[in-house]
Amino acid sequence: MEIKTKLSIGDSMFIITKTEYNKPIVCDACGGDGFIKLRNLDEIECPKCYGKTYLENKGIESWKIFDDRRPDSFLHVCGRLVGKIDIEVSKDGRKKELDIKIKYTPKGICNYFYETEVFKTEEAALIECNKRNAALVN
Ligand SMILES: [Zn+2]
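Residue numbering for the sequence shown follows my numbering, starting at -9 and increasing by one per position.
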């Protein structure tokens, strides 16, 4: 088995990251009351929102290149060179294909980033951000 990695040790890495939104919406089952009135007029906790009155509404807002220009950013301090590459190969019994996860850790850092979020050039990272942003339904 041969596994190709996008980057090698010592390569520069450009990381893309997502921002997420959380805009809870009023529960449509209880209308935001948190309880439901039964026919016999008993009130029970809303089985859809569990009495919270709202429903979670989370999603991806946008993708952007991880900002490593801030002076307090760990990438700014340690550079963005690949220091470690971890490859995880597993197989779910029901699946035909292997599940391959490639993780890159910048030099001197313990945070890793998945291959799907790491790019060799800033241009490639930007193209991917634009592609993912265009596919978002907001
Ligand atoms: Zn409810």
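No residue lacks a Cβ here, since even glycine has one placed at the ideal position from N, Cα and C. These figures come from a predicted structure and were not determined experimentally.
*N-terminal and C-terminal residue of the beta strand (DSSP E) that Ile50 is part of*: Your numbering for residue 50 matches position 60 in the sequence shown. Unbroken beta strand (DSSP E) run through Ile50: Lys48 to Ile55.
*Tyr40: which of Asn47, Cys17, Lys48 and Gly49 sits nearest, CA to CA?*
For this step, residue 40 is matched to residue 50 along the sequence shown. Cα-wise, what sits closest to Tyr40 is Cys17.
*Let me know if Val79 comes out buried or exposed under the rule of 16 or more other beta-carbons within 10 Å of its beta-carbon.*
Here residue 79 is taken as the residue at index 89 of the sequence shown, counted from 1. Per the 10 Å Cβ criterion, exposed.
*Beta carbon of Gly27: closer than 6 Å to some heavy atom of ligand 1?*
On the sequence shown, position 37 is the one that residue 27 refers to. The sequence given here has Lys at residue 27, not Gly. Flag unset: Cβ of Lys27 not near ligand 1.
*Please name the residue, chosen from Leu45, Tyr44 and Cys20, that lies closest to Glu33 on a Cα-to-Cα basis.*
Along the sequence shown, read from residue 1 onward, the residue named residue 33 stands at position 43. Among Leu45, Tyr44 and Cys20, the Cα nearest to that of Glu33 belongs to Cys20.
*In the DSSP assignment, what residue or residues form a beta bridge with Glu10?*
In the sequence shown, residue 10 corresponds to position 20, counting from 1. BP columns for Glu10 point to Ile50.
*Glu118 and Ile5 closer than 7 Å at C-beta*: The residue given as residue 118 occupies position 128 in the sequence shown. The residue given as residue 5 occupies position 15 in the sequence shown. Cβ distance not < 7 Å, so Glu118 and Ile5 don't count as in contact.
_Completely contained beta strand (DSSP E) runs for the stretch 77 to 118, where each covers 3 or more residues_ = 89 to 96
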